[in-house]
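Heads up, the thing below is written out as structure tokens.
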Ligand code: 9MR
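In our numbering, the protein residues as written are 2 to 354.
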């Protein structure tokens with residue numbers, strides 16, 4: 002499979018996205034942090050206002066689903082890059098940076114991949130998948146979520162890994178294989194371990210932070226390049242942010258020399274009051290508390306929300322409210338009007354204080 006070239010993407014408009022583009026007007030005191038959103042191919046194709054919002058607010062774009070195995074590998078015998086290529090071309094045309102999500106995940110697999118049955122088969126498929134995908138976007142997608150959600154939901158020190166087909170067939174080595182392969186194909190790429198549930202005070206969350214650190218330390222000890230931890234940050238409206246715990250976590254990541262990125266920010270508002278104004282203000286405060294805990298302790302390489310407008314989000318389906326009110330997890334409302342959450346993000350996006 003050939004590599005995507007400048008010409009393929011969008012004639013003459015894009016510069017190589019090896020570095021983050023300028024993130025806006027930095028003002029004294031607080032530098033701007035590259036801000037962006039995941040982009041879903043269906044509204045991207047159908048809704049011009051969606052595309053406009055991506056252009057207006059983002060300097061980073063993440064194909065939400067189109068780089069997953071389910072999209073790329075529907076047929077075992079050929080890769081389908083059509084959706085990913087469309088989003089990549091859009092980002093490059095607008096001089097936006099890209100993040101790739103995700104080279105390995107236990108979910109969003111095509112049926113044939115769920116049926117793999119031997120170690121050799123899993124290893125062969127994993128390596129050739131990563132080789133093909135990273136090579137195609139080499140020099141174009143500078144940052145990859147190499148592994149997504151490999152930490153157990155409730156890990157122990159003995160059993161930190163999530164039970165997936167990769168873990169069942171390859172054991173913990175699946176993580177090493179993924180990182181090693183990505184690094185071999187694109188030695189310049191920033192390689193990230195991406196996961197959820199790091200933010201609150203629950204003992205399970207404390208164990209998850211410890212598991213992340215131990216997995217990263219283990220990779221580092223083996224000389225495997227891991228550059229960043231992606232914190233998804235699907236924040237629960239009803240849970241309190243653990244500011245000291247997060248600050249400590251940032252320090253520990255710093256000691257390991259690992260950067261942090263916020264990769265899927267949104268607010269799970271299923272248990273918040275129905276009144277939109279109240280919900281929006283609680284969500285904005287939560288995002289503000291979270292960013293205040295993280296950013297001064299370790300400035301993220303990027304802040305990415307999992308969508309921009311409440312019109313399109315996974316939250317309403319996955320976390321259904323008891324009343325029938327629509328979920329309001331994102332910084333723009335259904336009509337693309339900025340909500341209080343966007344004001345909070347503006348401080349980081351634009352570097353204002
Ligand atoms: O938002 C994504 C949704 O549209 C997909 O159907 C789903 C399965 O591919 O994945 C969702 O995104 C997930 C992300 O890839 C990893 N972290 C959790 C996100 C929400 O489920």
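The beta-carbon is built from N, C-alpha and C at its ideal position, and this holds for glycine as well.
As the structure is a computational prediction, the values presented were derived from the model and not from experiment.
Q | Per DSSP, the bridge partner or partners of residue 265 | A | Note: residue 265 sits in no beta bridge, so no partner.
With residue 345 as the anchor, note down where its alpha helix (DSSP H) starts and where it stops. Judged by DSSP secondary structure, residue 345 falls within the alpha helix (DSSP H) whose first and last residues are 341-350.
Between the alpha carbons of residue 27 and residue 350, how many angstroms are there, rounded? Because residue 27 sits at a pLDDT of 44, beneath the cut-off of 50, its placement in the model cannot be relied upon, and the following sentence gives the value as read from the coordinates. Distance between the alpha carbons of residue 27 and residue 350: 9 Å.
Quiz item: With which residues is residue 148 paired in a DSSP beta bridge?
Solution: Bridge partners of residue 148: 105, 194.
**Asked** By the 10 Å Cβ neighbour count, where 16 or more other Cβ atoms means buried, how is residue 96 classified, buried or exposed?
**Response** Burial is judged here by how many other beta carbons sit within 10 angstroms of a residue's own beta carbon; residue 96 has fewer than 16 and is exposed.
Distance between residue 34 and residue 25 (C-alpha atoms, nearest Å):
The predicted model places residue 25 with a pLDDT of 46, which falls under 50 and marks its position as unreliable, so this point remains unresolved.
Between residue 47 and the ligand 9MR, is the CB less than 6 Å from at least one heavy atom? It does not: the Cβ of residue 47 is nowhere closer than 6 Å to a heavy atom of the ligand 9MR.
**Q.** Cβ neighbours of residue 161 in the same chain (closer than 7 Å, five flanking residues each side left out)
**A.** 152, 153, 212, 215, 216
Straight-line gap, residue 304 to residue 144 (C-alpha atoms, nearest Å): 13 Å
The ligand 9MR heavy atom lying under 6 Å from the CB of residue 315: Answer for residue 315: yes, Cβ within range of the ligand 9MR.
Subject >> Extent of the continuous alpha helix (DSSP H) to which residue 225 belongs >> reply: For residue 225, there is no enclosing alpha helix (DSSP H), as DSSP marks it with neither H nor E.
### Message
For a test of your reading of the model: does the CB of residue 66 fall under 6 Å from any non-hydrogen atom of the ligand 9MR? Yes or no.
### Response
The answer is yes for residue 66.
**Asked** With a CB to CB cut of under 6 Å and the five nearest residues on each side skipped, what residues in its chain are close to residue 130?
**Response** none
- Kindly identify the DSSP beta-bridge partner or partners of residue 202. Its beta-bridge partners do not exist; DSSP assigns none.
Run the proximity test for residue 72: is its beta-carbon closer than 6 Å to any non-hydrogen atom belonging to the ligand 9MR? no
I want to check one thing, is the minimum distance from the CB of residue 109 to the heavy atoms of the ligand 9MR below 6 Å? yes
Q) Should residue 69 be labelled buried (16 or more other beta-carbon atoms within 10 Å of its own) or exposed? A) buried
Query - Contacting residues, own chain, Cβ-Cβ under 7 Å from residue 254 (five flanking each side not counted) - result: The answer, listed in chain order, is 230, 261, 299.
field: Residues of its chain near residue 179, where Cβ-Cβ distance is below 8 Å and the 5 sequence neighbours each way are ignored
entry: 104, 105, 127, 131, 147, 148
- Task: With a threshold of 16 other CB atoms inside 10 Å of the CB of residue 276, please say whether the residue is buried or exposed.
- Result: With fewer than 16 other CB atoms across the displayed protein chains lying within 10 angstroms of its CB, residue 276 is exposed.
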